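Numbering (the numbering used here), first residue to last: 86 to 415. Ideal placement from N, C-alpha and C gives every residue a C-beta, glycine not left out. Keep in mind the model is a prediction, meaning the values are calculated, not measured. To start, the structure itself, in structure tokens.
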Amino acid sequence: ALRFANAAMASLGGVLKFDKQRIAGYRNFGTKLWNACRFAEMNGVWENHATSAPPTPQATANRWIMGEAAKALAEVNAALETYRFDTAADALYKFVWGKVCDWYVEFAKPLFDGPQAQETRQTMAWVLDQCMILLHPFTPFITEDLWSTTGTRAKLLVHTDWPTIPMSLIDPEADREMHFVTTLIDEIRSARAQVHVPVGLKTDLIATALTPEARATFTRNAALIHRLARVETFTEGPAPKGAITLPAPGATFALPLQGVIDIAEEKSRLQKTMDKLAKEITGLKSRLNNPNFAASAPKDVVDEANANLAAREDEQAKLQSALTRLADLG
Numbered sequence: 086a087l088r089f090a091n092a093a094m095a096s097l098g099g100v101l102k103f104d105k106q107r108i109a110g111y112r113n114f115g116t117k118l119w120n121a122c123r124f125a126e127m128n129g130v131w132e133n134h135a136t137s138a139p140p141t142p143q144a145t146a147n148r149w150i151m152g153e154a155a156k157a158l159a160e161v162n163a164a165l166e167t168y169r170f171d172t173a174a175d176a177l178y179k180f181v182w183g184k185v186c187d188w189y190v191e192f193a194k195p196l197f198d199g200p201q202a203q204e205t206r207q208t209m210a211w212v213l214d215q216c217m218i219l220l221h222p223f224t225p226f227i228t229e230d231l232w233s234t235t236g237t238r239a240k241l242l243v244h245t246d247w248p249t250i251p252m253s254l255i256d257p258e259a260d261r262e263m264h265f266v267t268t269l270i271d272e273i274r275s276a277r278a279q280v281h282v283p284v285g286l287k288t289d290l291i292a293t294a295l296t297p298e299a300r301a302t303f304t305r306n307a308a309l310i311h312r313l314a315r316v317e318t319f320t321e322g323p324a325p326k327g328a329i330t331l332p333a334p335g336a337t338f339a340l341p342l343q344g345v346i347d348i349a350e351e352k353s354r355l356q357k358t359m360d361k362l363a364k365e366i367t368g369l370k371s372r373l374n375n376p377n378f379a380a381s382a383p384k385d386v387v388d389e390a391n392a393n394l395a396a397r398e399d400e401q402a403k404l405q406s407a408l409t410r411l412a413d414l415g
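Written out as structure tokens, the structure reads:
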């Protein structure tokens, strides 16, 4: 975690500030990879596995994640060639956590129970191998440990060749389909979180506009969307009163919330939080605009105040978006 944090924070020309919170975050990142490998083990991924060439899967999710691996390698190689270790670490973080652990592991679960189970095992093994190899310069201990316990290895990870993944593995059709799925699920999750829909509660989903391609994509991935976005029923038609509008590529959806949440109470809660944030932002701006503070305070204190202001302004924007959505509900 410390080594990865040092790489991730090593921006050119900057002073490296020790940040315990970021180190803890990268420790969690290592745990995330460990859990993904354990999940793979529970589903027979490592049985009779040896480091191998890329498989040739048919399932859309499998084709998509292999293309994402090719993109990640290209980003990491470009960053390392220019000694941008922070950029390389960021690309790996987004791929391993954002694509493999957050999405692909979830997409693979139903595939393990169907006719494409074996190709999914092969694909997951290959993808996790790439994760371990690419992360090894940044997190050598956990990756070497995982490498030694996942399949039959001809040599230690430290002696394994750096991968060459052809860009031809990027499948535009799979990219488009999985982009639709992840965008829609993210939109639903974000809307639910913003207006405090209870986590375990399922909600209905209405398609108010669908292109033929979007309809076909939704149909092929309906089970995934229902499970990951907590959708109870799906219909097509006009949006009812008290529904949040959700955009997706080639489609518009509505999330009916009338009777699901207390709209007036939620508006009041958000407004109180907004008022509190506004006072904090005013105080921080006043402090930063004070010439005496800028002249006498240490640079790290000024930087921390700027970071706090940016974080609160970002939170304010999110709350304003939530209030706007609630206003649309009536």
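Margin query: So for V316, helix, strand or coil by DSSP?
Written below: For the purposes of this step, residue 316 is taken as residue 231 along the sequence shown, with counting starting at 1. Strand.
Next item on the list: Report buried or exposed for V190, applying the criterion of at least 16 other Cβ atoms within 10 angstroms of its Cβ.
Entry: Here residue 190 refers to the residue found at position 105 of the sequence shown. V190 should be labelled buried.
Note to self: Please return the same chain residues whose Cβ sits closer than 8 angstroms to the Cβ of N391, not counting the five positions on each side in sequence.
What the structure shows: For the purposes of this step, residue 391 is taken as the residue at position 306 of the sequence shown. Scanning its chain for C-beta atoms nearer than 8 angstroms, with the 5 sequence neighbours on each side dropped, one finds around N391 the residues L373, in chain order.
Note to self: For T268, tell me which candidate among W247, L331, E400, T172 has the shortest Cα-Cα distance.
What the structure shows: Numbered from its first residue, the sequence shown carries residue 268 at position 183. The candidate whose alpha carbon is nearest that of T268 is L331.
Checklist line | N120 versus D187: straight-line alpha-carbon distance, rounded | finding: As a first step, residue 120 must be located in the sequence shown, where it is residue number 35. As a first step, residue 187 must be located in the sequence shown, where it is residue number 102. About 11 angstroms.
Margin query: Does T296 come out as helix, strand or coil in the three-state DSSP assignment?
Written below: Along the sequence shown, one-based indexing puts residue 296 at 211. Here T296 sits in coil by DSSP.
Checklist line | Inter-residue CB distance, V316 and T288 (contact presumed, cutoff 8 angstroms) | finding: Position 231 of the sequence shown holds residue 316. Position 203 of the sequence shown holds residue 288. Cβ atoms of V316 and T288 come within 8 angstroms of each other, at about 7 angstroms.
Check: Would the beta-carbon of P332 be found less than 7 angstroms away from any heavy atom of the ligand MN?
Finding: Of ligands this structure carries none, so the ligand MN is not represented either.
Item checked: Distance between A328 and L340 (C-alpha atoms, nearest Å) -> On the sequence shown, position 255 is the one that residue 340 refers to. On the sequence shown, position 243 is the one that residue 328 refers to. One Cα belongs to L340, the other to A328, and the distance between them is close to 5 angstroms.
Checklist line | Straight-line Cα distance separating W182 from R148 | finding: Your numbering for residue 148 matches position 63 in the sequence shown. Your numbering for residue 182 matches position 97 in the sequence shown. Separation of R148 and W182 (C-alpha to C-alpha, rounded to the nearest whole angstrom) is 18 angstroms.
Check: For the segment 225-292, which segments carrying the alpha helix (DSSP H) assignment without a break, of at least 4 residues, lie completely within its bounds, in sequence order?
Finding: For the segment 225-292, the full-length alpha helix (DSSP H) segments reaching 4 residues or more read 225-233, 257-279 along the chain.
Item checked: Exposure of P142, with buried meaning 16 or more beta-carbon neighbours within 10 Å -> Locating residue 142 in the sequence shown gives position 57, counting from the first residue. P142 sits buried, since 16 or more C-beta atoms from the chains shown fall within 10 Å of its C-beta.
Notebook entry, point to check: How long is the line joining the alpha carbons of M151 and E389, rounded to whole angstroms?
Noted result: Position 66 of the sequence shown, counted from the start, is the residue given in the question as residue 151. Position 304 of the sequence shown, counted from the start, is the residue given in the question as residue 389. Straight-line measurement puts the Cα of E389 at about 40 angstroms from the Cα of M151.
Margin query: Using C-beta distances below 6 angstroms, list every residue in its chain close to L254, excluding the 5 sequence neighbours before and after it, in chain order.
Written below: Mapped onto the sequence shown, residue 254 falls at position 169. Cβ neighbours of L254 beyond the five flanking positions: M151, G152, A155.
Check: Between I346 and V284, is the Cβ-Cβ spacing less than 8 angstroms?
Finding: As a working note, residue 346 is residue 261 in the sequence shown. As a working note, residue 284 is residue 199 in the sequence shown. Not closer than 8 angstroms, so no.
Next item on the list: Can you give me the Cβ contacts of L362 inside the same chain, cut-off strictly under 8 angstroms, excluding the 5 residues immediately before and after it?
Entry: Counted from its first residue, the sequence shown places residue 362 at position 277. Closer than 8 angstroms at Cβ, skipping near neighbours: R397, E400, Q401, L404.
Check: Which class does Q401 belong to by DSSP, given the choice of helix, strand or coil?
Finding: Here residue 401 corresponds to residue number 316 of the sequence shown, with the count starting at 1. Looking at Q401 - three-state DSSP - the assignment turns out to be helix.
Next item on the list: Output yes or no for whether 8 angstroms exceeds the beta carbon distance between L165 and P248.
Entry: On the sequence shown, residue 165 is found 80 positions in, with the first residue counted as 1. On the sequence shown, residue 248 is found 163 positions in, with the first residue counted as 1. Inclusion of L165 and P248 in the CB contact set at 8 angstroms is not warranted, their separation being larger than that value.
Next item on the list: Spatial neighbours of A92 within its chain, please: CB distance less than 8 angstroms, with the 5 preceding and 5 following residues excluded, ordered by chain position.
Entry: In the sequence shown, the residue the question calls residue 92 occupies position 7. Taking C-beta separations shorter than 8 angstroms and ignoring five residues to either side along the sequence, the partners of A92 in its chain run F170, D171, A173, A174, F223, following chain order.
Notebook entry, point to check: In the segment 315-403, which residue ranges form an unbroken beta strand (DSSP E) of at least 3 residues, counting only runs that do not cross its ends?
Noted result: Those beta strand (DSSP E) runs which fall completely within the segment 315-403 and span 3+ residues are 316-321, 328-333, 336-341.
Checklist line | Exposure of T167, with buried meaning 16 or more beta-carbon neighbours within 10 Å | finding: By one-based count along the sequence shown, residue 167 stands at place 82. Exposed, by the Cβ-count rule.
Check: Rounded to a whole number of angstroms, what is the C-alpha to C-alpha distance between A125 and K370?
Finding: If you number the sequence shown from 1, residue 125 lands on position 40. If you number the sequence shown from 1, residue 370 lands on position 285. Roughly 49 angstroms separates the two Cα atoms.
Notebook entry, point to check: At which residue ranges does the segment 147-180 contain complete alpha helix (DSSP H) runs of 4 or more residues, listed in the order of the chain?
Noted result: Fully enclosed alpha helix (DSSP H) runs of 4 or longer: 170-178.
Item checked: Run of the alpha helix (DSSP H) containing E204, from where it starts to where it stops -> By 1-based counting over the sequence shown, the position of residue 204 is 119. First-last of the alpha helix (DSSP H) with E204: 202-220.
Next item on the list: Pull up the distance between the alpha-carbon of E262 and that of R305, whole angstroms please.
Entry: For this step, residue 262 is matched to residue 177 along the sequence shown. For this step, residue 305 is matched to residue 220 along the sequence shown. Annotation: E262 to R305 spans about 9 angstroms, alpha carbon to alpha carbon.
Item checked: the segment 126-146 / the segment 206-223 touching (three or more Cβ pairs under 8 angstroms) -> They touch, by the three-pair rule.
Next item on the list: Using alpha carbons as the reference points, say which of M252, H221, N393 lies closest to R88.
Entry: The residue given as residue 88 occupies position 3 in the sequence shown. Taking only the C-alpha atoms, the option nearest R88 is H221.
Notebook entry, point to check: Within 10 angstroms of its Cβ, does M252 collect 16 or more other Cβ (buried), or is it exposed?
Noted result: As a position in the sequence shown, residue 252 is number 167, starting the count at 1. Counting C-beta atoms within 10 angstroms of its own C-beta, M252 has fewer than 16 neighbours from the protein chains shown and is therefore classed as exposed.
Checklist line | Exposure label - T237; buried when at least 16 CB within 10 Å | finding: Here the question's residue 237 lines up with position 152 in the sequence shown. So T237 ends up on the exposed side.
Margin query: If you follow the alpha helix (DSSP H) that Q106 is in, where does it begin and where does it stop?
Written below: Here residue 106 is taken as the residue at index 21 of the sequence shown, counted from 1. Following the DSSP letters along the chain, one finds Q106 inside the alpha helix (DSSP H) bounded by residues 105-127.
Check: At what residues does the alpha helix (DSSP H) containing E191 begin and finish?
Finding: Position 106 of the sequence shown holds residue 191. Note, E191: alpha helix (DSSP H), 190-196.
Check: Taking Cβ to Cβ, would you say F338 is nearer than 8 angstroms to L290?
Finding: What you label residue 338 is simply residue 253 of the sequence shown in a count that begins at 1. What you label residue 290 is simply residue 205 of the sequence shown in a count that begins at 1. Closer than 8 angstroms, so yes.
Notebook entry, point to check: Based on the DSSP secondary-structure assignment, which residues constitute the bridge partners of D135?
Noted result: Taking the first residue of the sequence shown as position 1, residue 135 is located at position 50. In the sequence on display, residue 135 carries Ala and not Asp. Residue pairing from DSSP places A135 in a beta bridge opposite T237.
Next item on the list: Assuming F114 contacts Y178 (C-beta within less than 8 angstroms), just tell me the rounded distance between them.
Entry: The residue given as residue 114 occupies position 29 in the sequence shown. The residue given as residue 178 occupies position 93 in the sequence shown. Their Cβ separation, rounded to whole angstroms, is 6 angstroms, which keeps F114 and Y178 in contact under 8 angstroms.
Next item on the list: Go ahead and label A421 buried or exposed: buried means 16 or more other beta carbons lie within 10 angstroms of its beta carbon, across all protein chains shown.
Entry: The structure shown does not extend to residue 421, since the chain spans only 86 to 415, so no value can be given for it.
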